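For reference, the structure discussed in these notes is given below.
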Amino acid sequence: MLRHGTRPLPPWYVRWWRAVLANPSAVLLAVQLVSVILYPFTSDRGPGRVGLALLGLLVLVLALRAVRRTPTLTWVAVLVGGPAALLTLAQVVWPDSAAIELATMLVSSAFYFYVVVSLLVYMFADNWVTSDELWATGATFTVAVWAFAYTYGAVQIIWPGSFSAPHGEQLAWFELIFLSFTTMTGTGLSDIAPAGAHARSVIVLEEMAGMNYVALVVARLMGLTLTKFRNR
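Residue numbers (the UniProt record's numbering): 1 to 232.
Structure follows, in structure tokens:
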């Protein structure tokens, strides 16, 4: 029997849904990591392109939801994210349009960089560390990877031959993600190399961003977390 005044615990699925709503950064991170696993099963043509577009739209929506929890301006994210979503769908309808592809890369890059800034402001807004802020450390990293991947896509359209790869010069979307991950983490495991000055310039910026992110953001959040436990 329950004691007087106590309430029974809600069902597990209710508790799970509440946790999802309370941690949008965790959901964003999970979907992006699942996307990395699913990308090899898609292609840049036919149904695979539709799958890529749907995954891209899902990440966009979750990124917008994560930004809503931050102190930054949500309307700016919607103003940039809306066109990014429309352009992603337009790529499915007109897959051979270089203009639409370039516009998608540029607008999506701007959107994801704004999400990165929003999540950084969110994590630095106070001296308290919530569970969602801890998840945001990972989500910010993957969002930055997406932002630079879109930037690489724009670079290779504007300056053909900017990257050298075993199969050719034009990189597919998953190859752009792979290059961005290896550059951001500083592992250097990619078989793709910058062949042009503009590509090298962006790669240098991402290498600096990855190094500074680990040094500043993660160190700060871990320090605040340890301080919280010490003060108990």
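In this text, a Cβ means the ideal position worked out from N, Cα and C, and glycines have one as well. Small disclaimer: the values here were computed from a predicted structure and weren't measured.
Below 8 angstroms on the Cβ atoms is my guess for Ile157 versus Ala110; work out the distance and round it to an integer in Å. Taking a contact as a CB-CB distance under 8 angstroms, the pair Ile157 and Ala110 does not count as one, their CB atoms being some 15 angstroms apart.
Below 8 angstroms CB to CB, which residues in the same chain sit around residue 234 once its five sequence neighbours on both sides are set aside? The structure shown has nothing for residue 234, since the chain only spans 1 to 232.
I'd like to check one pair, Gly210 with Ala144: are the Cβ atoms closer than 9 angstroms? For Ala144 and Gly210, yes; Cβs fall inside 9 angstroms.
To test your reading of the DSSP string, which unbroken alpha helix (DSSP H) runs of 4 or more residues are found completely within the UniProt domain "Potassium channel" (145 to 222)? Runs of alpha helix (DSSP H) with 4 or more residues, each lying fully within the UniProt domain "Potassium channel" (145 to 222), are found at 173 to 185, 197 to 212, listed in chain order.
Identity of the residue in Ala85, Ala199, Asn212 nearest Thr185 by Cα: Nearest Cα to Thr185 within the set Ala85, Ala199, Asn212: Asn212.
Same chain, Cβ closer than 6 angstroms to Ala26, five either side skipped, listed in chain order: Here the set comprises Trp135.
With H, G and I counted as helix, E and B as strand and the rest as coil, what does DSSP make of Thr225? Thr225 falls in the helix class under three-state DSSP.
Just list the alpha helix (DSSP H) runs in the region 98 to 153, keeping only unbroken ones of 4 residues or longer that don't cross its boundaries, in chain order. Counting only runs of 4+ residues, the alpha helix (DSSP H) found wholly inside the region 98 to 153 occupies 98 to 124, in chain order.
Pro83, enclosing alpha helix (DSSP H) - first and last residue: Annotation for Pro83: the continuous alpha helix (DSSP H) segment containing it runs 74 to 93.
Alpha carbon to alpha carbon, how far is Thr42 from Phe178? Rounded to the nearest whole angstrom, the CA to CA distance from Thr42 to Phe178 is 15 angstroms.
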